[in-house]
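Asks:
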Amino acid sequence: MAEAGCRCGKGGRREKNVIDSKRRRTGIDSYFVSQYRGQWLSLGLVLLLLIAAIDYATGFTLRFTILYLLSLLILTWVTSRLFGILLSVVACTSWAYIDVISGRYDDDPGLLYWDWGASLFGFIVLVIGLSALRRALDNAYFQSRKDSLTGLINKAGFYQIVSAELEMCRRYKRTLSIAYIDCDNFKQVNDLYGHHVGDNLLRTISRTMQRKLRGSDLPGRLGGDEFAVMLPETSAEACRMVIEMLQQRLLHEMKENDWPVTFSVGIATFVRMPASIEDMIHQADKLMYSVKHTSKGAIKQEVFGA
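Those letters in the sequence shown? Residues 0 to 305, per numbering that gives the first Met the number 0, in order.
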């Protein structure tokens with residue numbers, strides 16, 4: 000009971016949902032990086048110090064500018080601009096220190112500051128440029144995983160994220176639920192009021208989901224009038240309560256707009272993970288269709304692997 004209240008009570012905040020969706024929207028790689036920022040920074044520092052040690056050992060025989068730069072660019076790509084700038088300072092300072100103890104600036108100590116500043120400026124410019132490119136690519140990737148009408152994640156994005164969550168739940172033996180939601184009588188709305196009203200209805204569903212679901216829950220539009228919600232680490236009882244409350248809120252919105260739409264829902268809760276995301280969706284979809292063919296507007300749930 001407490002778990003469900005936490006998920007969808009009045010204290011739930013849309014801002015948290017938006018923040019969490021931003022974490023997901025750039026794909027699994029950015030989520031992975033966000034979970035291991037400390038490790039990436041440590042790896043970067045170790046790599047730069049290793050290059051600096053080799054640079055010191057070889058003296059003036061070899062120059063390692065390209066190695067410093069490549070390591071910086073790679074680490075910037077997989078982490079962030081801030082990390083790239085921080086590591087640029089470390090790289091340029093290590094480089095300058097090695098040159099100082101090697102005697103390069105004995106004749107002109109002032110040249111040290113010029114070389115250090117120019118190198119740091121060049122490195123930071125490249126880091127900022129690469130970060131801007133990464134953000135542009137991430138945004139393009141997100142747009143390809145976003146449903147243009149509702150703003151929810153689309154089928155391709157939903158499948159990708161749920162597949163990754165499935166593997167995490169399999170590894171750590173966690174519970175994962177999928178709720179498959181179909182809009183009953185949606186075609187009737189389109190026929191009676193026009194497609195623009197149908198589009199407004201779908202956007203209303205999207206906004207309601209974003210307001211009423213916690214950030215860790217993932218709503219998506221799978222196509223047409225069909226939606227799905229992923230609920231990780233939620234017991235079967237709490238999951239049903241969350242979806243029942245969501246369904247009631249959606250019905251309230253339909254009544255407010257005088258739309259004759261109800262919601263048939265199938266919930267598949269997995270204690271043991273199936274072989275693939277397709278199996279998960281299939282089970283939830285099958286439960287939803289069972290509802291549509293027997294008692295529209297109801298919820299049917301089944302627990303698998305208990």
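Backbone N, C-alpha and C fix where the C-beta goes; we use that ideal spot for every residue, glycine too.
Can you tell me whether A267 is helix, strand or coil according to DSSP?
Replies: Taking the sequence shown and counting its residues from 1, the one referred to as residue 267 is at position 268. It is a strand residue.
Asks: Any chance you could list the alpha helix (DSSP H) runs of at least 4 consecutive residues sitting entirely within the segment 219 to 298, in chain order?
Replies: 235 to 255, 276 to 293
Asks: Taking L47 and L86 to be in contact with their CB atoms under 8 Å, please state how far apart those CB atoms are, rounded to whole angstroms.
Replies: Numbered from its first residue, the sequence shown carries residue 47 at position 48. Numbered from its first residue, the sequence shown carries residue 86 at position 87. So it is a contact: roughly 6 Å between Cβ atoms.
Asks: Got a sec, what are the start and stop residues for the beta strand (DSSP E) L85 sits in?
Replies: Taking the first residue of the sequence shown as 1, we reach residue 85 at position 86. Counting along the chain, L85 falls outside any beta strand (DSSP E), though it belongs to the alpha helix (DSSP H) covering 80 to 100.
Asks: Go ahead and pull the three-state DSSP assignment for D106.
Replies: Here the question's residue 106 lines up with position 107 in the sequence shown. Three-state result, D106: coil.
Asks: How is F303 classed by DSSP in three states: helix, strand or coil?
Replies: Numbered from 1 along the sequence shown, position 304 holds the residue referred to as residue 303. Reduced to three states, the DSSP call for F303 is strand.
Asks: Would you kindly work out how many angstroms separate the C-alpha atoms of Q246 and A90, rounded to a whole number?
Replies: If you number the sequence shown from 1, residue 246 lands on position 247. If you number the sequence shown from 1, residue 90 lands on position 91. Near 56 Å, if we compare the C-alpha coordinates of A90 and Q246.
Asks: Apart from the five residues just before and just after I280, which ones in its own chain have a Cβ nearer than 6 Å to its Cβ?
Replies: Walking along the sequence shown from the start, residue 280 turns up at place 281. Answer for I280: no residue qualifies.
Asks: Mind checking A95: buried by the 16 CB within 10 Å criterion, or exposed?
Replies: Taking the sequence shown and counting its residues from 1, one reaches residue 95 at position 96. Buried.
Asks: Short check: CB of I276 to CB of L165, under 7 Å?
Replies: Numbered from 1 along the sequence shown, position 277 holds the residue referred to as residue 276. Numbered from 1 along the sequence shown, position 166 holds the residue referred to as residue 165. Contact flag set, yes.
Asks: Span of the beta strand (DSSP E) holding S176?
Replies: Residue numbering aside, residue 176 sits at position 177 when the sequence shown is read from its first letter. Start and end: 175 to 183.
Asks: Which first and last residues belong to the alpha helix (DSSP H) in which I65 is found?
Replies: For the purposes of this step, residue 65 is taken as the residue at position 66 of the sequence shown. Element bounds for I65: 64 to 77.
Asks: In this structure, does DSSP put K186 in helix, strand or coil?
Replies: Numbered from its first residue, the sequence shown carries residue 186 at position 187. Helix, per DSSP.
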